[in-house]
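Chemist:
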Amino acid sequence: MKNRVVIKKPKNFIISQIADSGQTFRWDENFDGSYTIIAFNKAIRIFNDNEDIVIEGINELEFENTFKNYLDLNRDYQLVIDELKNKDKNLDEALVYGSGIRILNQDTWEMIISFIISGNNNIPRIKNSINVLSERYGKFIKEIDGKRLYSFPTPEELSVATIENLRECGLGYRDKYIYNTTKMIINKDIDLSDIKNMDIDEARIELVKLMGVGNKVADCIMLFSLNKSNSFPVDTWVKKILKDYYNFDEKNNKKINEFANDYFGKYAGIAQQYLFNYIRNKK
DNA sequence: GGCCAGGAGAAAA
DNA sequence: TTTTCTCATGGC
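Residue numbering for the first sequence follows our numbering, starting at 30 and increasing by one per position.
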């Protein structure tokens, strides 16, 4: 079976928009305009061929079993956009501006660690920290464009690291969060396979037990890895959006979530992603 | 060289 | 219960 898959004329799928929308830290642009993605222990190259999307590095079976869902290709985004449009002018513009965004279905463990790192941090440094963790504790996969690529470490692989080891990875004060959370996952204080079957409120209660996971990080984990489309991460940018676009100046996280669910509905989280992308990347 | 970055935890009010 | 302070570190 050949190591190449072609997705014929996918709708609402623009590689650069997905890469830059803040939901993943392991999509990197190559010199030729293609992107390298590391996910689920694979390193793949993805690029456009006219209106088709080509993926190198996985075969048809791996695509069907893992990457089709990872790229959220089972969802018709026109239905999402139809549900969200005609609510207000800003959101309508955001839907057009980010029409190629999809919400990836990523690995829950990787999202937990990645978004613990994201707190009070900037994206280049988040990406660097994740790369260092992967190089030191993950497995070598392959080399693409002269770069050696490593899988994201499993809980078992990361559990060999001491707090001092983690500090050397440039995580800053988050080292102890990563250390303790890894221990909790290893000990099954929280069972990630259970969380997948919970509703959003139950899952949140479990996730925030992890050290370094608060409401915002829990929402990111649920939106980007647990298929919770109504999960609405509230960060500094979203607060700015709500204040500037919706005249909603509120500090209480619970009230913000209630407002978001009332106003945006079942795709509140995806709406958040369109708006986040719009305000951060336009101009 | 101060400010900011997809916040959370602990202390203080 | 809600608000304030502190936490490493690199990019700009």
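Glycine included, C-beta positions come from ideal geometry on N, C-alpha and C. Just so it is clear, the structure is predicted and the values come from calculations on it, not from any experiment.
In three-state DSSP terms, what is Ala190?
Modeler: Here the question's residue 190 lines up with position 161 in the first sequence. In this structure, Ala190 counts as coil in the three-state DSSP scheme.
Chemist: First and last residue of the alpha helix (DSSP H) that includes Ile219?
Modeler: Translated into positions along the first sequence, residue 219 becomes position 190. Per DSSP, Ile219 belongs to no alpha helix (DSSP H) and is neither H nor E.
Chemist: Nearest to Lys269 by alpha carbon, out of Asn209, Gly62, Tyr99, Ile308?
Modeler: Within the first sequence, residue 269 is the residue found at index 240, counting from 1. Of the candidates Asn209, Gly62, Tyr99, Ile308, the one whose C-alpha sits nearest the C-alpha of Lys269 is Ile308.
Chemist: Helix, strand or coil: how does DSSP classify Thr183 here?
Modeler: Here the question's residue 183 lines up with position 154 in the first sequence. Thr183: coil per DSSP, three-state reduction.
Chemist: Using a Cβ-Cβ cut-off of 6 Å (strictly less than) and excluding sequence neighbours within five positions of Arg233, which residues of its own chain qualify?
Modeler: Here residue 233 refers to the residue found at position 204 when the first sequence is read from its first residue. Only Ala247 meet the Cβ criterion.
Chemist: Straight-line CA distance for Lys31 to Ile73?
Modeler: What you label residue 31 is simply residue 2 of the first sequence in a count that begins at 1. What you label residue 73 is simply residue 44 of the first sequence in a count that begins at 1. Each residue's alpha carbon lies about 13 Å from the other.
Chemist: Assuming contact is defined by CB atoms lying nearer than 8 Å, are Gln301 and Phe253 in contact in what I supplied?
Modeler: Looking up residue 301 in the first sequence gives position 272. Looking up residue 253 in the first sequence gives position 224. No, the pair does not count as a contact, with Cβ atoms beyond the cut-off.
Chemist: Look up Asp61 in the DSSP assignment and say whether it is helix, strand or coil.
Modeler: The sequence position of residue 61 within the first sequence is 32, counting from 1. Looking at Asp61 - three-state DSSP - the assignment turns out to be coil, as it is neither helix nor strand.
Chemist: Ignore the nearest five residues each way along the sequence and tell me which others in Ser158's own chain have a CB closer than 7 Å to its CB.
Modeler: Numbered from 1 along the first sequence, position 129 holds the residue referred to as residue 158. Only Ile146, Cys198, Gly199, Leu200 meet the Cβ criterion.
Chemist: Ile130 by DSSP, collapsed to three states: which one?
Modeler: For the purposes of this step, residue 130 is taken as residue 101 along the first sequence, with counting starting at 1. In this structure, Ile130 counts as coil in the three-state DSSP scheme.
Chemist: How is Lys31 classed by DSSP in three states: helix, strand or coil?
Modeler: To locate residue 31, count along the first sequence from 1; it is residue 2. Coil, per DSSP.
Chemist: Tell me the rounded alpha-carbon separation between Val263 and Tyr274.
Modeler: Counted from its first residue, the first sequence places residue 263 at position 234. Counted from its first residue, the first sequence places residue 274 at position 245. About 15 Å.
Chemist: Expressed to the nearest angstrom, what Euclidean distance is found between the alpha-carbon atoms of Ile82 and Leu108?
Modeler: Residue mapping note: residue 82 aligns to position 53 of the first sequence, counting from 1. Residue mapping note: residue 108 aligns to position 79 of the first sequence, counting from 1. Rounded to the nearest angstrom, the two C-alpha atoms are 21 Å apart.
Chemist: What beta strand (DSSP E) runs, 3 residues minimum, are completely inside the region 137 to 179?
Modeler: List check, beta strand (DSSP E) in window: 169 to 173, 176 to 179.
Chemist: Please state the DSSP three-state secondary structure of Asn229.
Modeler: In the first sequence, the residue the question calls residue 229 occupies position 200. The residue asked about is misnamed: residue 229 is Ile in this sequence, not Asn. It is helical.
Chemist: Determine the DSSP secondary structure at Val109, reduced to helix, strand or coil.
Modeler: Counting from one through the first sequence, the residue named residue 109 turns up at place 80. It is helical.
Chemist: Rounded to the nearest angstrom, what separates Ser163 and Tyr179 at their Cα positions?
Modeler: For this step, residue 163 is matched to residue 134 along the first sequence. For this step, residue 179 is matched to residue 150 along the first sequence. Each residue's alpha carbon lies about 5 Å from the other.
Chemist: If you draw a straight line from the alpha carbon of Thr53 to that of Gly62, how long is it in whole angstroms?
Modeler: Residue numbering aside, residue 53 sits at position 24 when the first sequence is read from its first letter. Residue numbering aside, residue 62 sits at position 33 when the first sequence is read from its first letter. Taking the straight line from one Cα to the other gives about 18 Å.
Chemist: Rounded to a whole number of angstroms, what is the C-alpha to C-alpha distance between Asp223 and Leu236?
Modeler: Translated into the one-based positions of the first sequence, residue 223 becomes position 194. Translated into the one-based positions of the first sequence, residue 236 becomes position 207. So the alpha carbons of these two residues sit roughly 11 Å apart.
Chemist: Where does Glu85 sit, in a helix, a strand or coil, going by DSSP?
Modeler: Working through the first sequence from its first residue, we reach residue 85 at position 56. Of the three classes helix, strand and coil, the one that applies to Glu85 here is strand, per DSSP.
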